[in-house]
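Asker: Here you go, one structure.
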Amino acid sequence: MGAGSKIPYPKHVWSPAGGWYSQPKNWKANTAVMGAVIFGITALMFKLSAEREYRDKFPEEGRFFPSRYWSKQIIEHERQIKVRKDAENP
Numbered sequence: 022m023g024a025g026s027k028i029p030y031p032k033h034v035w036s037p038a039g040g041w042y043s044q045p046k047n048w049k050a051n052t053a054v055m056g057a058v059i060f061g062i063t064a065l066m067f068k069l070s071a072e073r074e075y076r077d078k079f080p081e082e083g084r085f086f087p088s089r090y091w092s093k094q095i096i097e098h099e100r101q102i103k104v105r106k107d108a109e110n111p
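Sequential numbering of the sequence shown, starting at 22, is according to our numbering.
Encoded structure:
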């Protein structure tokens, strides 16, 4: 009488986001694509941040300062200091 048989479904669900069937056939390709997208967005944001970085006070000479390697303003400032030192000490 009635509605027919039950629909088969998994009895145990593990799901932060996967739902009933959390292992699609192309999960490796999806993971690689999303990893590339996240890496690309991060690289673009880093580039934008480095281009817009501005310093009122420059880091002390010889002190470790990570953005010293990519900040155009600091690189130019250190070049000017080096040219001045070379001009003073021939």
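Positions of the beta carbon are idealized from the N, C-alpha and C atoms, including for glycine.
1. DSSP three-state label for W91, please.
2. Output yes or no for whether 7 Å exceeds the beta carbon distance between R76 and Q94.
3. Helix, strand or coil: which one does DSSP assign to S70?
4. How long is the line joining the alpha carbons of K32 and Q44, rounded to whole angstroms?
5. Taking the alpha-carbon positions, what's the F79 to E109 distance?
6. Compare the beta carbon distance of E74 and S92 with 7 Å and say whether it is the shorter of the two.
Answerer: With the structure as the only source:
1. In the sequence shown, the residue the question calls residue 91 occupies position 70. Here W91 sits in coil by DSSP.
2. Here residue 76 is taken as the residue at index 55 of the sequence shown, counted from 1. Here residue 94 is taken as the residue at index 73 of the sequence shown, counted from 1. Closer than 7 Å, so yes.
3. Counted from its first residue, the sequence shown places residue 70 at position 49. Correct three-state label for S70: helix.
4. On the sequence shown, residue 32 is found 11 positions in, with the first residue counted as 1. On the sequence shown, residue 44 is found 23 positions in, with the first residue counted as 1. It is roughly 16 Å from the alpha-carbon of K32 to the alpha-carbon of Q44.
5. As a working mapping, residue 79 is identified with position 58 in the sequence shown. As a working mapping, residue 109 is identified with position 88 in the sequence shown. Straight across, the Cα-Cα distance linking F79 with E109 is about 21 Å.
6. Stepping through the sequence shown from its first residue, residue 74 is reached at position 53. Stepping through the sequence shown from its first residue, residue 92 is reached at position 71. Yes, Cβ-Cβ distance for E74 and S92 is below 7 Å.
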